[in-house]
Amino acid sequence: MKRRDLFMSFIEEWQDKESVWGVSDCSAWPALWVEVATGQKVPLPAYETRGEAARLIAKAGGLVALWRAALAETRAYEIDIEDVSCGDVGILDMSDCQRGIIFANHQFGYVKAETGIAVAPAMRVAAVWRI
Numbered sequence: 015m016k017r018r019d020l021f022m023s024f025i026e027e028w029q030d031k032e033s034v035w036g037v038s039d040c041s042a043w044p045a046l047w048v049e050v051a052t053g054q055k056v057p058l059p060a061y062e063t064r065g066e067a068a069r070l071i072a073k074a075g076g077l078v079a080l081w082r083a084a085l086a087e088t089r090a091y092e093i094d095i096e097d098v099s100c101g102d103v104g105i106l107d108m109s110d111c112q113r114g115i116i117f118a119n120h121q122f123g124y125v126k127a128e129t130g131i132a133v134a135p136a137m138r139v140a141a142v143w144r145i
């Protein structure tokens, strides 16, 4: 299956699914995509609650630092937002937090919501990785 087709299938699959901390939340969901797209598991630390996730993120020095450390163990590498292509992943700076994004292109991507997914503009991008 072509990457774009795999990407669209993944997005459609998650349209109505609930977010579960440590499984399919705003950080774990893009990690699931990396595994589906590349066969490589992103070795993020395990957590089951928002509080545990917050503690791990703080201990790592932020969500970008946490992802950099995890992706260092994969074939993913950091790129500029101008170079992003369909299926690359990143971290957005939101008004209240940072969250993972799966890019559709350099203008927008998808983020995990409590239920389903949401389209997000590629603004205030903290980091992007080619997978």
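Using this note's numbering, the letters of the sequence shown map in sequence onto residues 15 to 145. Just so it is clear, CB atoms sit at the ideal spot from N, CA and C, and this is done for glycine as well. It should be emphasised that the depicted structure is a prediction, and the values quoted were computed from it without experimental measurement.
Would you mind reading off the limits of the beta strand (DSSP E) that contains residue i?
i       : result
Ala-136 : Where Ala-136 is concerned, there is no enclosing beta strand (DSSP E), given that its DSSP letter is neither H nor E.
Lys-73  : Lys-73 -> not in any beta strand (DSSP E); alpha helix (DSSP H) instead, spanning 64–74.
Ile-93  : 91–93
Lys-126 : 122–126
Can you tell me the Cα-Cα spacing of residue i and residue j, whole angstroms?
i       : j       : result
Glu-32  : Lys-16  : 27 Å
Lys-73  : Lys-55  : 22 Å
Ala-140 : Gln-112 : 8 Å
Asp-30  : Ala-84  : 28 Å
Pro-135 : Gly-123 : 6 Å
Ile-131 : His-120 : 18 Å
Ala-79  : Met-108 : 16 Å
Ala-45  : Ser-38  : 9 Å
Arg-69  : Ala-127 : 21 Å
Glu-62  : Ile-71  : 13 Å
Thr-129 : Arg-89  : 30 Å
Arg-138 : Ile-95  : 10 Å
Leu-20  : Trp-81  : 23 Å
Taking the CB atoms as reference points, tell me whether residue i and residue j lie closer together than 9 Å.
i       : j       : result
Trp-143 : Glu-92  : yes
Gly-101 : Ala-51  : yes
Trp-35  : Ile-116 : no
Pro-57  : Glu-87  : yes
Val-147 : Cys-40  : The chain is shown from 15 up to 145; residue 147 falls before or after that span and cannot be answered.
Does DSSP put residue i in a helix, a strand or coil?
i       : result
Lys-55  : coil
Ile-145 : coil
Asp-107 : strand
Glu-27  : helix
Val-50  : helix
Taking residue i as part of the alpha helix (DSSP H), name the residues at either end of that continuous run.
i      : result
Val-78 : 77–85
In the DSSP output, which residue or residues are listed as bridge partners for residue i?
i       : result
Gly-147 : An answer regarding residue 147 cannot be provided, because it is not within the stretch 15 to 145 covered by the chain.
Glu-32  : Thr-129
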